[in-house]
Amino acid sequence: MTDENPGKKVANQYERNYDYTKYWDNRDYENAAEHIAIRRLLKGNRYSKAADIGGGFGRLCLLLRSFANEVTLAEPAATQLEAAKEGARRH
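In the numbering used here, the protein residues as written are 3 to 93.
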């Protein structure tokens, strides 16, 4: 709930039953913009390690993997880590 609109529920990836992966459905533009920004920032450099801090279900980890030998996902929500593990098993 929000103070401005007490009847409106706000999406929260830390809720046990909230599926944050669905948040990114039909958001290809935002996802692509983040990929472009990261590629431009890293400029083709190669690193031994990278970290995705607060990376949710690991949406950007595969991209980071193309720039680093090892990528660590740090995420406080157990549900997001489970989603990341499931996604990693599929890739």
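Note that the Cβ used here is the ideal one computed from N, Cα and C, for glycine as well.
Ranked by Cα distance from residue 78, the first of 57, 66, 88, 69 is 57. In the three-state reduction of the DSSP assignment, residue 75 falls in the strand class.
Annotation for residue 21: no alpha helix (DSSP H) segment contains it, and DSSP assigns it neither H nor E. For residue 30, the enclosing alpha helix (DSSP H) stretches over residues 30 to 44. Its chain contains 70, 71, 72 as the residues whose beta carbon lies nearer than 8 Å to that of residue 50, once the 5 sequence neighbours on both sides are disregarded; these appear in chain order.
A direct Cα-to-Cα measurement between residue 85 and residue 22 gives close to 9 Å.
Secondary-structure assignment with DSSP links residue 53 through a beta bridge to 74. DSSP, reduced to helix, strand and coil, places residue 62 outside both helices and strands of the structure shown, so it counts as coil.
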